[in-house]
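What follows is a short report on a single structure.
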Amino acid sequence: MQLPPLSRAPFQRQPEDMVRRFDHWLESEAGQAVLAAERAMLADWLPKLVGQRALEISGGRGRDLLAGIRLPWRCSVTPVHCADEPDDDRSVGAGAAGAERPPVRVKACPQALPVAKNSVDVVLLHHGLEFQDNPHRVLREAASCVAPGGTIAVVGFHPLSVMGLARWLRGGASRPGWSGRYFRPYRVSDWLHVLGFEVEGLAGGFYNLPLADRGRARLRWLEWLGGKLWWRFGGVYLLVARKRAAMMRPLAPQRAFSRQRPTVVSVPVARWRQERNTE
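Right under this line is the structure:
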């Protein structure tokens with residue numbers, strides 16, 4: 000039997016410029032349509048959240064998708080090699096003034112976030128798994144930032160959608176928008192369950208193809224048909240899970256042990272038995 004090498008990577012290594020190309024694709028007409036569908040999904044979910052701190056981890060430049068949240072402190076983490084936008088000179092404490100101000104922007108590696116454990120109430124992972132060499136580690140790092148009882152949301156591309164299947168038919172798996180590694184939401188939910196989360200729900204959107212406006216207009220019937228028949232298999236999905244709170248197990252009350260009976264016979268009884276034996 001031939002044994003596999005120990006240095007084998009669990010996932011295929013992504014090109015170094017894939018994140019940059021995907022970020023540029025989001026500025027196109029097709030990318031803006033995908034972002035509009037994602038914002039529509041988040042608009043129904045963000046106002047329901049409560050807490051103090053929210054964190055957005057993006058696969059490219061932060062698009063401020065947490066703008067509709069009511070939490071007073073927001074932060075956006077972008078990859079280090081995504082340097083198309085000018086560096087933000089604001090300190091981390093600048094975003095604590097209120098939710099109306101723009102979020103704090105931090106450039107860091109998604110696999111080693113500069114965030115304390117159990118310190119954030121809401122974490123949004125926006126396409127943070129598709130373009131990473133080790134998506135398990137990225138998800139584990141994001142999950143460790145969530146406080147007990149907090150929420151994590153994963154936005155990703157669905158491989159079983161019309162968009163996911165068409166990228167193989169037209170041979171566009173290496174192009175931005177069609178590239179990356181797509182993960183089924185049920186697979187991501189299994190990872191979250193191992194990390195101590197309970198999945199609350201799933202939402203889908205964008206049932207068309209990532210084409211220009213003219214091409215999507217010809218296939219607009221897919222958007223209507225997908226929302227009616229296969230709403231779980233949209234081109235993008237929103238998976239929401241809540242971190243299980245650490246439950247303290249109460250100790251059973253200690254029972255008072257009954258007092259042991261003395262093993263030595265009392266003197267009157269001993270004398271009675273001795274007198275009876277002499278008779």
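In this note's numbering, the protein residues as written are 0 to 278.
Note that the Cβ used here is the ideal one computed from N, Cα and C, for glycine as well.
Ranked by how close their Cα comes to the Cα of P102, the residues M17, A115, R60 have R60 in first place. Boundaries of the beta strand (DSSP E) harbouring D120: 119-125, taken from the DSSP string. Bridge partners of I56 according to DSSP: V76, L124. Contact between I56 and V122 holds: CB atoms are separated by about 7 Å, below the 8 Å threshold. By the neighbour-count criterion, in which a residue is buried when 16 or more other Cβ atoms sit within 10 angstroms of its Cβ, V239 is buried. Distance from the Cα of A111 is smallest, within the candidate group P78, D120, E129, for P78. Within 10 angstroms of the beta-carbon of V235 lie 16 or more other beta-carbons, which makes it buried. In the structure shown, E26 falls within a coil segment according to DSSP collapsed to helix, strand and coil. Per DSSP, the unbroken beta strand (DSSP E) holding R104 starts and ends at 103-106.
By the Cβ test, the stretch 208-223 is in contact with the stretch 154-169, since at least three Cβ pairs between them sit closer than 8 Å. Note: L237 is bridge-paired with V154, A202 in the DSSP secondary-structure output. Only buried fits D22, as 16 or more other CB atoms lie within 10 angstroms of its CB. If you look at S160, you'll find it isn't in any alpha helix (DSSP H); DSSP assigns it neither H nor E.
By the neighbour-count criterion, in which a residue is buried when 16 or more other Cβ atoms sit within 10 angstroms of its Cβ, E199 is exposed. The three-state reading of DSSP puts A111 in coil, since its state is none of H, G, I, E or B. Distance from the Cα of Y181 is smallest, within the candidate group D189, A202, V154, for V154. Within the same chain, and ignoring the five residues on either side of A244 in sequence, the residues whose Cβ sits closer than 7 Å to its Cβ are P147, G148.
A216 and N117 have their C-alpha atoms spaced approximately 45 Å apart. Buried is the label assigned to R52, since at least 16 other Cβ atoms lie within 10 Å of its Cβ. A Cβ-Cβ contact shorter than 9 Å links P113 with V105.
Per the DSSP secondary-structure output, E197 pairs in a beta bridge with R241.
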